[in-house]
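The structure appears below as structure tokens.
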Amino acid sequence: MHEQTKLLSGEQILLTTLTVKLAVVAVLSTMLVRFPWFRRILLTEKRDWPERLIFAASLGVPLVAGVVSRQLLNYNAADLTLAGSFLAGLLAGPYAGAIVGVMVGIPPLATGEWIAFPFAVGCGFAGGGLREICPKEAIWHFSPVFFTGLHRHVWRLLRRFQIDWVVVLLAGPIGLEILHQLLGHRWPTRIFYLPATTPLLWVTMILASILSVAIPIKIWNSALIEHRLQEQEKLLMATRLDALASQINPHFLFNTLTSISSLIRSQPETARTLIVELSGLLRRLLRSQEHFVTLREELEAIDEYLDIESIRFGPKLKIEKLIDPGTLEVIVPSMLLQPLVENSIKHGLSQKIGHGCITIKSRRENGHAIIDVIDNGVGVNPAHVDRVPGSGIGLRNVNERLRVIYGANYQLKLDSVPGEGTCARIVIPELVVPARITA
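Under my numbering, the residue at position 373 of the sequence shown is numbered 374, and the numbers go up by one with no gaps.
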């Protein structure tokens, strides 16, 4: 007598299928959110028709593949008709949900599952209807962990006599799964369903339907939160750069106005020329809201500043530039060199007897841009730089801006020999992409 051994019971097969189904939902959701165009559509609050169609197609194509896999390969866990159609409507509106419903409802018609088509379209409209009446934030709060606190939400609903939208959203997949089971029980050959034969399986099926909707929302919401945090981090960096730049401009303006005040009586024409040059420089600074410029543009800005200093010092000040042409398009923080040049003039050359020279050099080396500001002034002990009145403000500001932008991937080094001069060196990554952060 041949004895057959049954490896799994019907209930065990059903539970295994539901577990695999949830895994398929999680994998599909994770794969979709990796595409930039899909994330962009998710981020858009008000979508136009092309975006709705793209969203519907993005969900509909893999869902159709799942239905076909179930029909041809008997892979029941791949059929996500209810959750997929409802989810499309919930996130993109009733018409997008209906489009997905039509897509997943057509293949079952080939095998005589006539009820599957209107049911799938109805799921899409049901999700879209909830989207129309529910606040958008409540949709993104629909999460798998909510089900464990259902009694608290129901109690709050009864106590305050207010609509709890999370409870309303929860009723969607629950009601659709109950309808799905009833339709399948009445017409088992006209619609595919996983039969729940015991109360425990009923609860399990309903919970699986809730999770099939909640898991994608949770995954996509996490991606959206991460994106928003990145955007906030960019805004924070821009704000910090604005604050640091606002420290430089008054510092430079104070020093220049001090120089003008000392020339008004002794050299009034020179003072007038300084005011004209200063107004032109300030006009450029007010027009520019960019945090990043090319080295070419930064050197042009330095020329405007040096024109002012040349008027003050006359032939006593000499400027030399040894610029590698390959570094001219390197992206640098705006107002990067002005504090260093100002520091060289004020604390190096202004106290020097005789002619002074400032040399600005740049070169590329091992994927980095190296910029030197060198003077032949009186020099200063680097260990005592903070003790020199005013010198620490510009250097600390430059150092903080570089730290905010580049993290640990930069260098700001000050080499000085008393009586011979000072060299301020900046080493930053060689970036030539014309991307700029604006306030």
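We put the beta carbon where it would ideally sit given N, CA and C, even for glycine.
Being a predicted model, the structure only gives us computed values, none of them experimental.
In angstroms, rounded to a whole number, what distance separates the CA positions of residue i and residue j?
i	j	result
V34	G94	19 angstroms
L74	L81	15 angstroms
E299	S335	6 angstroms
D373	L338	9 angstroms
L403	L323	23 angstroms
E421	G378	6 angstroms
V294	S30	40 angstroms
T199	E234	52 angstroms
S267	R313	12 angstroms
F39	G130	22 angstroms
G408	R41	28 angstroms
K319	G355	11 angstroms
R71	Y194	11 angstroms
G391	V342	Residue confidence for G391 is low, a pLDDT of 44 falling below 50, so the modelled location carries little weight; the figure read from the coordinates is stated next. The straight-line gap from Cα to Cα measures roughly 13 angstroms.
I371	R229	34 angstroms
I140	I207	19 angstroms
E133	L88	13 angstroms
A97	E52	10 angstroms
P449	K317	With the chain represented from 2 up to 440, any question about residue 449 goes unanswered, as that position is not in the structure.
E321	R426	16 angstroms
G113	Q231	50 angstroms
D448	G176	The structure shown does not extend to residue 448, since the chain is modelled only from 2 to 440, so the question has no answer here.
K47	L225	15 angstroms
S86	I216	15 angstroms
R388	T259	Low local confidence applies: a pLDDT of 48 at R388 is under 50, so the model's placement there is unreliable, with the coordinate-based value given in what follows. Looking at the two C-alpha atoms, the distance is approximately 21 angstroms.
I107	A66	12 angstroms
A436	E291	Because the pLDDT of A436 is 44, which lies under 50, any placement of that residue in the model is unreliable, and the question is left without a value.
Y411	L396	14 angstroms
T205	M32	26 angstroms
L92	P119	20 angstroms
T17	L44	35 angstroms
T439	I179	Residue confidence is low: T439 scores 44 on pLDDT, short of 50, so the model does not pin down where it sits. Its coordinate-derived value is still stated next. Whole-angstrom Cα-Cα distance: 53 angstroms.
F148	V169	Confidence is the limiting factor: at F148 the pLDDT is only 49, short of 50, which leaves the residue's position unreliable and the question unanswerable from this model.
A302	I361	13 angstroms
Using DSSP bridges, identify the partner residues of residue i.
i	result
I218	The partner list for I218 (beta bridge, DSSP) is empty, contrary to what the question assumes.
R426	D373 and K414
I211	I211 is not bridged to any residue.
V21	None, per the DSSP bridge assignment.
Would the beta-carbon of residue i fall within 7 angstroms of that of residue j?
i	j	result
D376	S351	no
V214	P174	yes
L83	H181	yes
F143	I218	yes
T443	L279	The structure shown does not extend to residue 443, since the chain is modelled only from 2 through 440, so no value can be given for it.
G380	V333	no
V122	A57	no
N398	L413	no
V68	V28	no
L275	I261	yes
A78	V25	yes
A99	I192	no
G90	G128	yes
G327	R365	yes
W166	C124	no
S363	D325	yes
V405	V331	no
L23	L202	no
G368	E431	yes
A209	L64	no
T423	G349	yes
Looking at the secondary structure, which residues open and close the alpha helix (DSSP H) in which residue i lies?
i	result
V65	W50 to L74
F293	It is not in any alpha helix (DSSP H) - F293 instead sits in the beta strand (DSSP E) that spans F293 to T295.
T82	T82 to A93
E178	W166 to R187
P340	Q339 to S345
A78	Premise fails: A78 is in no alpha helix (DSSP H) and is neither H nor E.
F120	A117 to I134
F39	P37 to L44
K137	K137 to W141
With a threshold of 7 angstroms between beta carbons, is residue i in contact with chain B?
i	result
V333	Annotation note: the requested chain B is absent from the structure, which comprises a single protein chain.
What residue range does the beta strand (DSSP E) around residue i cover?
i	result
S363	G357 to E366
P334	I332 to P334
L323	L318 to I324
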